[in-house]
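Colleague: These protein sequence lines map, in sequence, to chains A and B. Position one of the first sequence corresponds to residue 1 (this note's numbering), numbered consecutively onward. Position one of the second sequence corresponds to residue 1001 (this note's numbering), numbered consecutively onward. Don't be surprised by glycine CBs; every beta carbon is placed ideally from N, CA and C. Keep in mind it's a predicted model, so treat the numbers as computed, not measured.
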Amino acid sequence: MAGQSGGTVVIGLGNPILSDDGIGWQVAAQVRQALDGQWHGDGPSAHDLVHVTEACVGGLSLAEMLVGYEYAVIVDAIMTGNALPGTVYHLKLGDLPGTLNMASAHDTNLATALRALRRYGARVPADEDIDIIAVEAQDVWTFREECTPEVQTGLAGAVELVLRLVRV
Amino acid sequence: MTRISIDPITRLEGHGKIEIFLDAQGNVENCYFQVPELRGFEVFCIGRPVEEMPFLTSRICGVCPEAHLMAAAKACDAVYKVEVPPAGKKLRELLYMAFYVTDHTTHFYALGGPDFVVGPDAPAAERNILGVIAKVGLETGGQVIDTRKRNHHVIEMIGGRPVHPVAAIPGGMSHPITEEQRQEIIAIARKNVEFGQFTISLFHDIVLKNTGYVDLITSAGYTQKTYYMGLVDGNNHVNFYDGKVRVVGPDGAEHCKYAPNDYREYVAERVEPWSYLKFPYLKKVGWKGFVDGKDSGVYCATPLSRLNAADGLATPLAQAEYERMYETLGGKPVHHTLATHWARIIELLYAAEHMLELAEDPEVASPDIRAIPKATPSEGVGIVEAPRGTLTHHYITDEKGILQKANLIVGTTNNNAPIYISIRKAAEALIQNGQVNDGILNKVEMAFRAYDPCLSCATHTLPGQMPLELVVRDQSGEVIHHASQYVAPELLAQFG
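#1: For V1364 of chain B, verify whether its CB is less than 6 Å away from any heavy atom of the ligand HEM.
#2: Please report the straight-line C-alpha distance between A1386 of chain B and L165 of chain A, rounded to a whole angstrom.
#3: How would you list, in chain order, the residues of chain B whose beta-carbon sits under 7 Å from the beta-carbon of R32 of chain A?
#4: State buried or exposed for L1138 of chain B, treating a residue as buried only when at least 16 other CB atoms are found within 10 Å of its CB.
#5: Name the DSSP beta bridge partners of C169 of chain A, please?
#6: Return the residue from the list B:P1065, B:G1297 and B:N1407 that minimises the CA-CA distance to A1075 of chain B.
#7: Who are the neighbours of F1041 of chain B on chain A, taking C-beta pairs under 7 Å?
#8: Could you check what DSSP says for F1198 of chain B in three-state terms: helix, strand or coil?
#9: For chain B, check one thing: does any of its Cβ atoms lie closer than 7 Å to the Cβ of V57 of chain A?
#10: Tell me P1280 of chain B's beta-bridge partners as DSSP assigns them.
#11: State yes or no: is the beta carbon of F1279 of chain B nearer than 7 Å to at least one beta carbon in chain A?
#12: Taking Cβ to Cβ, would you say D1146 of chain B is nearer than 7 Å to T1226 of chain B?
#13: Along the chain, where does the alpha helix (DSSP H) that runs through T80 of chain A open and close?
#14: Restricting to runs no shorter than 3 residues, where is the beta strand (DSSP E) found entirely within the stretch 1320 to 1392 of chain B?
#15: Could you tell me whether any Cβ in chain A is nearer than 7 Å to the Cβ of P1059 of chain B?
#16: Any beta carbon from chain A within less than 7 Å of L1391 of chain B's own beta carbon?
#17: Using a cut-off of 8 Å between C-beta atoms, extract the partners of F1198 of chain B located in chain A.
#18: Which residues in chain A have a C-beta closer than 9 Å to the C-beta of F1044 of chain B? List them in chain order.
#19: Kindly provide the ranges of any alpha helix (DSSP H) runs that are 4 or more residues long and lie completely inside the stretch 1396 to 1461 of chain B, ordered along the chain.
#20: By Cβ distance below 6 Å, which residues in the same chain neighbour N15 of chain A in space, the five residues on each side in sequence not counted?
#21: Quick one, which of B:A1024, B:G1131 and B:P1123 has its alpha-carbon nearest F1108 of chain B's?
#22: Look up E1254 of chain B in the DSSP assignment and give the residues it is bridged to.
#23: Take every Cβ of the stretch 1292 to 1303 of chain B, pair it with every Cβ of the stretch 1174 to 1191 of chain B, and state whether three or more of those distances are shorter than 8 Å.
#24: Between the stretch 63 to 75 of chain A and the stretch 124 to 131 of chain A, do at least 3 Cβ pairs fall closer than 8 Å?
#25: Check the Cβ of R1148 of chain B against every Cβ in chain A and list those closer than 9 Å, keeping chain order.
#26: Using a cut-off of 8 Å between C-beta atoms, extract the partners of Y120 of chain A located in chain B.
#27: Mind the definition here: the stretch 1313 to 1333 of chain B touches the stretch 1342 to 1362 of chain B only if three or more C-beta pairs lie below 8 Å; say whether that holds.
#28: When you compare only the Cα positions, how much space is there between R1388 of chain B and G1113 of chain B?
#29: Report all residues from its chain with a CB closer than 7 Å to the CB of K1135 of chain B; omit the five preceding and five following residues, and keep chain order.
#30: Does DSSP put R1048 of chain B in a helix, a strand or coil?
#31: Express the C-alpha separation of G1380 of chain B and G58 of chain A in angstroms, rounding to a whole number.
#32: Taking I1305 of chain B as the reference, which of B:P1165, B:G1249 and B:Y1263 has the closest Cα?
#33: Quick check on DSSP: helix, strand or coil for F1099 of chain B?
#34: Which chain A residues sit within Cβ distance under 7 Å of L1056 of chain B?
#35: Run down chain A in chain order and give the residues with a C-beta less than 8 Å from the C-beta of L1038 of chain B.
#36: Hey, is the stretch 1356 to 1372 of chain B in contact with the stretch 1272 to 1289 of chain B, meaning 3+ C-beta pairs nearer than 8 Å?
Here it is as structure tokens:
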């Protein structure tokens, strides 16, 4: 679904100083740049319709970032260990393991946090209106502002996918 | 030997793993608690202007960036030998109290609380914030969300952003608040005080009136007698932002009290070949292994530790509850790990009251919030109390302020050895003759969760949790029990 109503948020998630964990931030930056280029002066700009941001949070804090939006794209690193670094996945919330109702060692998970917010009447996207673009990472333990070259290869594909999803 | 593995895995953080080894009789022989290694922090920092450290180090952690921001800003103040004007200091503290209210609220209602509010034997699927809401009602749940929201608003007002604030800089703060904002914060702080009182009353009703829970809290499996650490002010009252580090012994007597610059004289770090994370201990007592008692240098730095290490709290409502806790649990110090939850909500109330005090002081809206650093930079240490324990930042620069060396002791690191001991004690008490089930393992995990550990100091985690995997192996290595609160089989199958 595209953000036709102005209610779209793109969140580049990750830690920008932990190597491949910063890939979400890089994707967000390039998406923002691409949206800048799509505005031709008349009517609302792409940024009026799609809010692009970066974050290094999870659980309740991440869920709270979705309040007020109808549609969200979350871009993050992932480590399945079963694909080449840089592989881009398109997931839904339900694809993430253990995202519902699980006890947690810190805070709570995103799906549970969203359900909690909905219980209080907060307007957050429906689970099916949350797309997750994940890029297979290989090093998320080394302090470095750049991703590894292998993961960097996933950048363009992830950006393209996000732009397709949020087409305005 | 039978092997039990409790394995918190996130999609990124690597493995924080608890492994419990059983002997042939099915009793606990040993435990290990391992966390992932984050590499190259010092290399990453060296060569950067030291004033970048508040923003960089706050990026280490997705859970308590405000604590790193404050410790780093204070270390920078020390590096530049600059005294922050009173209004700047109060403004930093005001932001920090809003953070504490948010953080302690989240822990109690979303993490630690479910074990008590929903129940330690409840199915794992119910031991979460939704289970808490079901138990305490929608209105209370709404208050939790509102509390987070209004305090994030305060953090944004003062710190520039609701998460990962940026306004604390060497010498003070980057921008003042207006009188109108101060009035708004007063109203928010009043709500926080009410919410703190409500949380305390909820704890009384649900936990303290349940003799089973009180017995659990005070049981031997959750009791260990260590040293306790916490920042205190000139009156030996708890202080989250400033003061001296005070350490008391298992008997409650003061062991030492030191200024941040002197931390190396009192704290040393033990390296074990099986753990990436070091084990800090009290230098003058010495490392005697993973044991508690007066002769062991193992210390705790938790909300309970802070209350044990202090003579009291500087605000009336929190002080009254502080006295109630010690009266109920048999005097100071309290050695029951699970009482950390009570201590945490006492601190929540204290943070709310202190926030109100700070907001009601007109000086906090003064524009005189920064002293421009002019001295030649050299070396400095900044210490604050992070919600998870005493946080130390130590920087050494050249004369141009370029970082040459950086050392951090983060909250959870302080508690590395006590967490190990707590897990082992709980496991020894609960796992006997090879009897293991989900309820028992949750109770082992409760010993771990009471510390609110932040394993990698880099977590944001898309699923937003550090779930657990359990593997029990018999003597031949065969898996005989496998319980998991979080595994990735669906994902692995999907992409495997």
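Modeller: By the coordinates alone:
#1: Absence of the ligand HEM from the depicted structure is noted, as is the absence of any ligand whatsoever, leaving it without description.
#2: Position 386 of the second sequence holds residue 1386 of chain B. Position 165 of the first sequence holds residue 165 of chain A. Spanning the two alpha carbons is a distance of roughly 40 Å.
#3: The residue given as residue 32 of chain A occupies position 32 in the first sequence. Within 7 Å Cβ-Cβ: nothing; R32 of chain A doesn't reach chain B, min ~17 Å.
#4: As a working mapping, residue 1138 of chain B is identified with position 138 in the second sequence. Exposed, because fewer than 16 other Cβ atoms sit within 10 Å of the Cβ of L1138 of chain B.
#5: Because residue 169 of chain A is not part of the residues shown, which for chain A are 1 to 168, the question remains open.
#6: Counted from its first residue, the second sequence places residue 1075 of chain B at position 75. It is B:N1407 whose Cα lies nearest to the Cα of A1075 of chain B.
#7: Here residue 1041 of chain B is taken as the residue at index 41 of the second sequence, counted from 1. Neighbours of F1041 of chain B on chain A, chain order: F143.
#8: The residue given as residue 1198 of chain B occupies position 198 in the second sequence. Correct three-state label for F1198 of chain B: helix.
#9: As a position in the first sequence, residue 57 of chain A is number 57, starting the count at 1. By this cut-off, V57 of chain A is an interface position.
#10: In the second sequence, residue 1280 of chain B corresponds to position 280, counting from 1. Partner(s): B:E1269.
#11: Reading the second sequence from its first residue, position 279 is the one you call residue 1279 of chain B. It does not; no Cβ of chain A falls within 7 Å.
#12: Translated into positions along the second sequence, residue 1146 of chain B becomes position 146. Translated into positions along the second sequence, residue 1226 of chain B becomes position 226. For D1146 of chain B and T1226 of chain B, no; Cβs fall outside 7 Å.
#13: For the purposes of this step, residue 80 of chain A is taken as residue 80 along the first sequence, with counting starting at 1. Careful: T80 of chain A lies outside any alpha helix (DSSP H) and carries neither H nor E.
#14: 1379 to 1386
#15: In the second sequence, the residue the question calls residue 1059 of chain B occupies position 59. The amino acid at residue 1059 of chain B is misidentified as Pro; the sequence shows Arg. Yes, R1059 of chain B counts as interfacial toward chain A.
#16: As a first step, residue 1391 of chain B is located in the second sequence; it is residue number 391 there, counting from the start. By this cut-off, L1391 of chain B is not an interface position.
#17: Taking the first residue of the second sequence as 1, we reach residue 1198 of chain B at position 198. The premise fails here: F1198 of chain B is roughly 16 Å from chain A at the closest Cβ pair, so nothing lies under 8 Å.
#18: Reading the second sequence from its first residue, position 44 is the one you call residue 1044 of chain B. Neighbours of F1044 of chain B on chain A, chain order: I17, T142, F143, R144 and E145.
#19: 1411 to 1414, 1416 to 1430 and 1438 to 1449
#20: Start at 1 with the first residue of the first sequence, and residue 15 of chain A comes out as number 15. Correct list, in chain order: D21 and C56.
#21: Stepping through the second sequence from its first residue, residue 1108 of chain B is reached at position 108. When each option's Cα is compared against that of F1108 of chain B, the closest is B:G1131.
#22: The sequence position of residue 1254 of chain B within the second sequence is 254, counting from 1. B:V1248.
#23: no
#24: yes
#25: Translated into positions along the second sequence, residue 1148 of chain B becomes position 148. L60, S61 and E64, listed in chain order.
#26: Residue numbering aside, residue 120 of chain A sits at position 120 when the first sequence is read from its first letter. Simply L1138, G1141, G1142 and I1145.
#27: yes
#28: What you label residue 1388 of chain B is simply residue 388 of the second sequence in a count that begins at 1. What you label residue 1113 of chain B is simply residue 113 of the second sequence in a count that begins at 1. For R1388 of chain B and G1113 of chain B, the distance between alpha carbons rounds to 16 Å.
#29: Start at 1 with the first residue of the second sequence, and residue 1135 of chain B comes out as number 135. For K1135 of chain B, where only same-chain residues beyond five positions count, the Cβ hits under 7 Å are V1117 and V1118.
#30: Position 48 of the second sequence, counting from 1, holds the residue named residue 1048 of chain B. In the structure shown, R1048 of chain B sits in coil (DSSP, three-state: anything other than H, G, I, E or B).
#31: On the first sequence, residue 58 of chain A is found 58 positions in, with the first residue counted as 1. On the second sequence, residue 1380 of chain B is found 380 positions in, with the first residue counted as 1. Near 32 Å, if we compare the C-alpha coordinates of G1380 of chain B and G58 of chain A.
#32: Counting from 1 along the second sequence, the entry for residue 1305 of chain B is found at position 305. At residue 1305 of chain B the sequence reads Ser, which differs from the Ile that was named. Ranking the options by Cα distance to S1305 of chain B, first place goes to B:G1249.
#33: Residue 1099 of chain B sits at position 99 when you count from the first residue of the second sequence. If DSSP states are grouped into helix, strand and coil, F1099 of chain B belongs with the helices.
#34: In the second sequence, the residue the question calls residue 1056 of chain B occupies position 56. Here the neighbours are I17.
#35: Taking the second sequence and counting its residues from 1, one reaches residue 1038 of chain B at position 38. Near L1038 of chain B (Cβ distances below 8 Å), the residues of chain A are L18, W141, T142 and F143.
#36: no
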